[in-house]
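Numbering (the UniProt record's numbering), first residue to last: 1 to 124.
Cβ coordinates follow ideal geometry from the N, Cα and C atoms, glycine included.
Note that the coordinates shown come from a computational prediction; the quantities given were computed from them, not determined experimentally.
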Amino acid sequence: MEVYHMPKQTDKELGLFFKNARHEQKLTYEELAEKAEMSSRYLKEIENGGRVPSFHKIKKLVRALNVPPEPLFYPNNHTDNLDYQRLLMYLSKCNDEQITAILAIVEAYLRTYKIPTDHDKQDP
C-alpha cells in the first residue's frame, strides 16, 4: 500500500489554520492544548508546521476550537472567514424544520437589501 505524505506547504497551512482559530478565540497554547487533550509543546509543533497531526488529533483540535473541518479539506471555500465557518457549524446542528426557518430569514434579509437569491430567479 502506498502512503501519501502531505507536502510541507500543506503542513504549514494546517498549522496556520489552527493558529488563526486559536488567536481568534484568544486562547493560549496551554488553554487549547488542555481542551484538545494534548501537550502545549505538541500544539506548538503543529502550529509551526513542524508536526503533522493524526486525523484523531485534527478532530480533537476542530472540536476544541468549535470550527468546522471543511476548510482543511476544501481550502478555497471561505477558509479565512471564521464567521462563515461558524455559521456552517451551527447549521450542521439544525434539523430540517430549523433549516427551512433559517433559510426564510436569510432570504428575507437579502430581499431587504436587494441582494438576489436563487429563489428570486425561479419562474412564477
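Inter-residue Cα distance where the pair is R22 and K44
11 Å
Cβ pair count under 8 Å reaching 3, the segment 60-69 against the segment 85-104
yes
When the distance is taken between beta carbons, is V52 closer than 7 Å to D11?
yes
Report back the beta-carbon spacing between K60 and M38 to the nearest angstrom; my notes put them in contact at under 8 Å.
7 Å
Put P71 into one of helix, strand or coil per three-state DSSP.
helix
When you compare only the Cα positions, how much space is there between R41 and D96?
42 Å
How is the alpha helix (DSSP H) around K57 delimited, first residue to last?
55-65
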